[in-house]
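For reference, the structure is listed below as structure tokens.
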Amino acid sequence: MLEKLRNRRIAFIGDSIGRNQWESLLCMLSSAIPNKDSIYEVNGNPITKHKGFLVFRFAHYNCTVEYYRAPFLVAQGSAPSGAPKGVKMALRLDRMDRTQQQWVGADVMVFNTGHWWSHDKTTNRGCFFQEGTQVNLKMDIGTAFRKSIETLLDFVHSKVNTSKTQVYFRTYAPQHFRGGTWSNGHCHHIKLPDFGPFPDKTEEHVDIVRDVLSKHPGREQVIETMNVTPMTYQRQDGHTSLYHFGRGGNETEPPGEDCSHWCLPGVPDLWNELLYALFLKWESDHSTPT
1366 MLEKLRNRRI AFIGDSIGRN QWESLLCMLS SAIPNKDSIY EVNGNPITKH
1416 KGFLVFRFAH YNCTVEYYRA PFLVAQGSAP SGAPKGVKMA LRLDRMDRTQ
1466 QQWVGADVMV FNTGHWWSHD KTTNRGCFFQ EGTQVNLKMD IGTAFRKSIE
1516 TLLDFVHSKV NTSKTQVYFR TYAPQHFRGG TWSNGHCHHI KLPDFGPFPD
1566 KTEEHVDIVR DVLSKHPGRE QVIETMNVTP MTYQRQDGHT SLYHFGRGGN
1616 ETEPPGEDCS HWCLPGVPDL WNELLYALFL KWESDHSTPT
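Residue numbers (the working numbering): 1366 to 1655.
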């Protein structure tokens, strides 16, 4: 993988689950580097508790592994002038995130979004959906998500040279909260995978992405979809709360648990193995016949 990244940039653009995958790749690649001092964050930033972006350089390979926080992929900002009462912020469904200028020149782009497309993260916080100068108070989240994927597709089609740049969209990684969500949900007691039937509803985000691509003939090759949703749904045992024992070590009284992010080593490592397979496929598809 390091050889395939030599003299190149790979950028993960998305939410904190995208960062989870980025961290996984950092760990996997660094395991092959004897001199850890040759791996460093180019701006000297710490990796923990950091928002914004992080760029790690592997000096011996002259490559960078980058993460850009853009949980919606499209731009989020203050409400436009004259917006209806109650609108505190707006998602610009027709404009990519403001970090785009930093990653648009990367050689490999791995996009993800999904976890922030909920009422808790949008309308309940006074964040509504904007197109042009107009804020739409009635637009549902599914429609807004669809429009954001269309904007991503248009952006890649118009701004990215896909004959030289690999572009991937990693699909939604299911959460496994039981009895609630972040405030009172739990999963610390789940220690085995679930190999039962896969619920169709969990595929909703995947279906929207596929539908958008299918309605743009000729553009389905612009973004390669990396569908991790079914395999990730089975891994209810892979979240960090498996190692959480509540207040004072009391396993029967856990506070808010994290049943969304993943342990490392763990599930995101498998996503990166799939990413490597897609690297090989891309090379085969773009090789010059001899």
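Even for Gly, the Cβ is constructed at its ideal location relative to N, Cα and C.
Residue 1533 carries a strand assignment under DSSP once its states are collapsed to helix, strand and coil.
For the options 1496, 1581, 1515, the alpha carbon positioned closest to that of residue 1445 is the one of 1496.
Nearest neighbour of residue 1502 by Cα position, chosen from 1452, 1624, 1569, turns out to be 1452.
In this chain, the beta strand (DSSP E) harbouring residue 1405 covers 1404-1406. If one requires a minimum length of 3 residues, no beta strand (DSSP E) run lies completely within the region 1554-1584. Residues 1456, 1457, 1458, 1460, 1461, 1462, 1513, 1516 of the same chain have their beta carbon placed closer than 7 Å to that of residue 1439, with the five preceding and five following residues left out of the count.
Residue 1388 sits buried, since 16 or more C-beta atoms from the chains shown fall within 10 Å of its C-beta.
Taken atom to atom, the span from the alpha-carbon of residue 1405 to that of residue 1622 is near 31 Å. Here residue 1366 carries a coil assignment [DSSP, helix/strand/coil].
Going by beta carbons, residue 1422 and residue 1413 fall outside the 8 Å limit.
Around the C-beta of residue 1535, 16 or more other C-beta atoms lie within 10 Å, and the residue is accordingly described as buried. Taking C-alpha positions only, residue 1550 is separated from residue 1558 by approximately 18 Å. Inter-residue distance for residue 1577 and residue 1399 is about 44 Å (C-alpha atoms, whole angstroms).
The beta carbon of residue 1391 lies closer than 7 Å to those of 1421, 1430 in the same chain, with the five residues before and after it left out. The straight-line gap separating the alpha-carbon atoms of residue 1630 and residue 1637 is approximately 12 Å. Per DSSP, the beta-bridge partners of residue 1501 are 1494. Short of 8 Å from the beta carbon of residue 1533, and not among the five residues preceding or following it, lie these beta carbons of its own chain, in chain order: 1473, 1474, 1475, 1476, 1588, 1589, 1590, 1591, 1640, 1643.
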